[in-house]
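In my numbering, the protein residues as written are 1 to 263. Note that CB positions come from ideal geometry on N, CA and C, so glycine has one too. Keep in mind it's a predicted model, so treat the numbers as computed, not measured.
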């Protein structure tokens, strides 16, 4: 079942930056007394990274994969004024309003393909998902997978839907076979791609995808560099996903062929 909305929390305390890449996510505490990994609208790729995180995470959740709860996280205008680090202070200043938080999985460890196992069906599900949402960032170098309570959890989908950074010829991007799947950390273990393909293409449909796309806040769709209305931008994401689903055989074959080369 698709969530009709996400919870909204107010950020009360900035705990520490998580210096990963250029986005400077942070660990923070909200008014519900839970801790969250915050993704900021004022970071490098702005709201587009938050949209990718939201769509990728909620599609994964709908397909039965473990993803930390996503919440909308509000930053007050005065938040961060006492922060000593000027770079972080600027980030918080430009992130006033609605951001995105992922429930913090305390004690989780990073998945390491050389040490940790992943059974074939789960690996195949994650590979299929990442090919579907064009996620370039689940590699041996940066797995974006955590082991928490002996289960594998997916995090950080902000590098998905990379077509939206250029926002031209999205139709061509929607039917790409996604050659970068060759670098996926779980591809060697993904022996059940055909089985997963049948399951996921039957579960996903236009109704489900429209409901997930509807989760994008209008506030994240007011782009200075585009004349399109928020509804028109939202519709492009919907059309991208439905077109991609209709041509899912293309990225399935690409993943299968890439796996044959690996083994």
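About 15 Å separates the CB atoms of residue 70 and residue 161; that is not less than 8 Å, and the two are not in contact. For residue 145, there is no enclosing alpha helix (DSSP H); the enclosing beta strand (DSSP E) has its first and last residue at 145-148. The criterion of a C-beta distance shorter than 9 Å is satisfied by residue 50 and residue 100. Judged by DSSP secondary structure, residue 72 falls within the beta strand (DSSP E) whose first and last residues are 70-75. The Cβ-Cβ distance between residue 181 and residue 258 falls below 9 Å. The beta carbons of residue 256 and residue 177 sit about 11 Å from each other, so the pair does not count as a contact at 8 Å. In this structure, the alpha-carbon of residue 43 lies about 26 Å from that of residue 66. Assignment of residue 262 by DSSP, reduced to helix, strand and coil, places it in the helix class.
Beta-carbon to beta-carbon, residue 25 and residue 37 are separated by about 5 Å, close enough to satisfy the 8 Å threshold. When only Cα atoms are considered, residue 157 and residue 53 end up about 5 Å apart. Excluding five sequence positions before and after residue 200, the CB atoms of its chain that fall closer than 7 Å to its own CB belong to 63, 128, given in chain order.
The C-alpha of residue 104 is placed about 12 Å away from the C-alpha of residue 33.
Apart from sequence neighbours up to five positions away, the residues of its chain that approach residue 221 with a beta-carbon distance below 7 Å are 230, 233, 234, ordered along the chain.
Assigned with DSSP and collapsed to three states, residue 30 falls in strand. A distance of 9 Å or more separates the beta carbons of residue 59 and residue 250. Of the candidates 163, 190, 189, 150, the residue whose Cα lies closest to the Cα of residue 45 is 163. Look at residue 97 here: in three-state DSSP terms it is strand. In summary, residue 107 is exposed, with fewer than 16 beta-carbon neighbours lying within 10 Å of its beta-carbon over all protein chains present. Counting only residues of its own chain and dropping the five nearest sequence neighbours on each side, residue 122 has a CB closer than 7 Å to the CB of 152. Inclusion of residue 132 and residue 61 in the CB contact set at 9 Å is not warranted, their separation being larger than that value.
Note on residue 186: 16 or more other CB atoms within 10 angstroms of its CB, so buried under the neighbour-count rule. Cβ-Cβ distances below 7 Å link residue 147 to 108, 109, 111, 116 in the same chain, with the five nearest sequence neighbours on each side left out; the list follows chain order.
Straight-line measurement puts the Cα of residue 175 at about 43 Å from the Cα of residue 85. Pairing residue 72 with residue 13 gives a Cβ-Cβ distance that is not under 9 Å.
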